[in-house]
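2 protein chains.
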Amino acid sequence: MAGGGAAASALSSPWRALLQRALDANAHLKHSTFFQLATVGGGGRPANRTVVFRGFQEHCDKIQINTDARSNKIGEIKEWPLGEICWYFTDSWEQLRISGIIDVIDGSSPDPAKLQQREKAWFASSVKSRLQYLGPSPGIPVANDDHVTDVHLDPSAGPVDTYCLLTLDPENVDYVNLKSNQRLMFTRTQEGDESSDWMARKVSP
Amino acid sequence: MAGGGAAASALSSPWRALLQRALDANAHLKHSTFFQLATVGGGGRPANRTVVFRGFQEHCDKIQINTDARSNKIGEIKEWPLGEICWYFTDSWEQLRISGIIDVIDGSSPDPAKLQQREKAWFASSVKSRLQYLGPSPGIPVANDDHVTDVHLDPSAGPVDTYCLLTLDPENVDYVNLKSNQRLMFTRTQEGDESSDWMARKVSP
Chain D
124 MAGGGAAASA LSSPWRALLQ RALDANAHLK HSTFFQLATV GGGGRPANRT VVFRGFQEHC
184 DKIQINTDAR SNKIGEIKEW PLGEICWYFT DSWEQLRISG IIDVIDGSSP DPAKLQQREK
244 AWFASSVKSR LQYLGPSPGI PVANDDHVTD VHLDPSAGPV DTYCLLTLDP ENVDYVNLKS
304 NQRLMFTRTQ EGDESSDWMA RKVSP
Chain H
124 MAGGGAAASA LSSPWRALLQ RALDANAHLK HSTFFQLATV GGGGRPANRT VVFRGFQEHC
184 DKIQINTDAR SNKIGEIKEW PLGEICWYFT DSWEQLRISG IIDVIDGSSP DPAKLQQREK
244 AWFASSVKSR LQYLGPSPGI PVANDDHVTD VHLDPSAGPV DTYCLLTLDP ENVDYVNLKS
304 NQRLMFTRTQ EGDESSDWMA RKVSP
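The listed protein sequences correspond, in order, to chains D and H.
Following the numbering used here, the numbering of the first sequence begins with 124 at its first residue and continues without gaps.
Following the numbering used here, the numbering of the second sequence begins with 124 at its first residue and continues without gaps.
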């Protein structure tokens, strides 16, 4: 399946249609846009956490995730940028396992295009969701419950330093439908900036 | 929090009460007993898949998972037995991340006690669930849809060769409640066969 132009490519990645169908079928469930992202931390320890799907980067298949630049996973991903998403759709019994390379885009990125993506993703988040980046560092000890203080954020203000955009560029997608008992494996055979070729094969579930 | 006797220990592991409360609060959802298990495969690639919670091993905190001995993860886990479970409860907005060492118990185990656990877990599964181990190897190419053949299994027959029990022995548990915005980190400080000590601390979510 050859990628055509930029827009055509993103639409033609064959697993995207399956994912979109699953998202539509499970749209009534808030948690259908949550998935689990596995990475590898220090000492080769697997790490796994629930994150929120923030859509695809324009004109490509890169999956966007917002995160706090102070969280442990940032250093870990910079060291070892491989990730696997496990996305289970609880109503339609479909699972997509999506593996690829993760790019960490924080405010220190030297690439103006990436900084622009980060800004765009920041403004695409709700103001309430942006507020969490003004809270205390995730994972630090809390002495009592008084740490919740009133924070204010100007809705027109750009991304704060603690806001970090992650993008995962898919290389393999393993789709399984547990209702129809069908499984498809998609492998990216060629990579371009804005187009990719994919090979699909049907395997035993 | 010192572990007492065997039964007391399993009950007293402090995160077990939080997990049980979450399981109870989400019991109306079939998928509340599903979680995502992250491991590390060849070349240090993270792997992540949805599996079913098959209860705790008796008198300890080991989490049981059924799997097919022919699946890729078996070889990978034997090579690198670390795992992290991410268990998100969609109704109560609670997440438990449980990391520890995974033990692979297939029919070739030299330990009679482990073989007994495996047999026990086999009979605890439904006959329908046992039938999947008689199907074709997971992940092999399927030429057409004719591979589904009638298989029969004697309900009183013991585990088949392709059935494998995994147990994950928790070392760290990271609990977060996204409704109350509370996070607790539990670390096992001492290990015994049937009792463990745990340290808990409250951290920023």
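Even glycine gets a Cβ: it sits at the ideal position worked out from N, Cα and C.
In the structure shown, the three-state DSSP call for A280/D is coil. Within the same chain, and ignoring the five residues on either side of Q313/D in sequence, the residues whose Cβ sits closer than 7 Å to its Cβ are S319, D320. As the crow flies, the alpha-carbon of D234/D is around 11 Å from that of R241/D. Look at W245/H here: in three-state DSSP terms it is helix. From the beta-carbon of V265/H, the residues of chain D found nearer than 7 Å are K325, V326, S327.
For S222/H, at least one C-beta of chain D is nearer than 8 Å to its own C-beta. Using a 10 angstroms sphere on the CB of E217/H, the tally of other CB atoms reaches 16 or more, which defines it as buried.
For E202/H, there is no enclosing beta strand (DSSP E); the enclosing alpha helix (DSSP H) has its first and last residue at 195-202. At a cut-off of 8 Å between C-beta atoms, T285/D does not count as an interface residue with respect to chain H. If you draw a 10 Å sphere on the C-beta of L276/D, you find fewer than 16 other C-beta atoms in it, and that means exposed. Nearest neighbour of E207/D by Cα position, chosen from G223/H, Q305/H, R172/H, turns out to be R172/H. If you draw a straight line from the Cα of D273/D to the Cα of I225/D, it is about 34 Å long. For D147/H, the enclosing alpha helix (DSSP H) starts and ends at 137-148. In the three-state reduction of the DSSP assignment, L288/H falls in the strand class. Within the same chain, and ignoring the five residues on either side of S232/H in sequence, the residues whose Cβ sits closer than 6 Å to its Cβ are L238.
Here D184/H is buried: its Cβ has 16 or more other Cβ atoms, across all protein chains shown, within 10 Å.
Within chain H, the residues whose beta carbon sits less than 7 Å from that of F157/D are Y211, listed in sequence order. Between R168/D and chain H, the shortest Cβ-Cβ separation is below 8 Å.
Take N304/H, set aside five residues on each side of it, and the residues of its chain with a beta-carbon closer than 8 Å to its own are P328, in chain order. E294/H places its beta carbon less than 8 Å from that of R311/H. Straight across, the Cα-Cα distance linking S136/D with T190/D is about 26 Å.
With a beta-carbon spacing of about 5 Å, S194/D and P261/D fall inside the 8 Å limit used to define contacts.
At a cut-off of 8 Å between C-beta atoms, S194/H does not count as an interface residue with respect to chain D. Under the 8 Å criterion on CB atoms, A145/H is classed as non-interfacial with respect to chain D. Straight-line measurement puts the Cα of F179/D at about 33 Å from the Cα of P204/H.
Only those residues of the stretch 174-186 of chain D whose C-beta falls short of 8 Å from the nearest C-beta of chain H would be listed, and there are none. When 8 Å is used as the limit between beta carbons, L205/H is near these residues of chain D: G167, R168, P169, in chain order. By alpha-carbon distance to V174/D, the top candidate from K201/D, L142/D, Y211/D is Y211/D. Nearest to Y256/H by C-alpha distance, out of I200/H, M308/H, V326/H, A192/H, is A192/H. Close to chain H, meaning a Cβ-Cβ distance shorter than 8 Å, are the following residues of the stretch 236-258 of chain D: G258.
In the DSSP assignment, R324/H falls within the beta strand (DSSP E) that extends over 319-326. When Cβ-Cβ separations below 8 Å define contact, H154/D makes contact with chain H. By the 16-neighbour rule on beta-carbons within 10 angstroms, G281/D is exposed. For P293/D, no Cβ of chain H is located within less than 8 Å of the residue's own Cβ. Under the 8 Å criterion on CB atoms, V163/H is classed as interfacial with respect to chain D. When only Cα atoms are considered, A244/H and I228/H end up about 11 Å apart.
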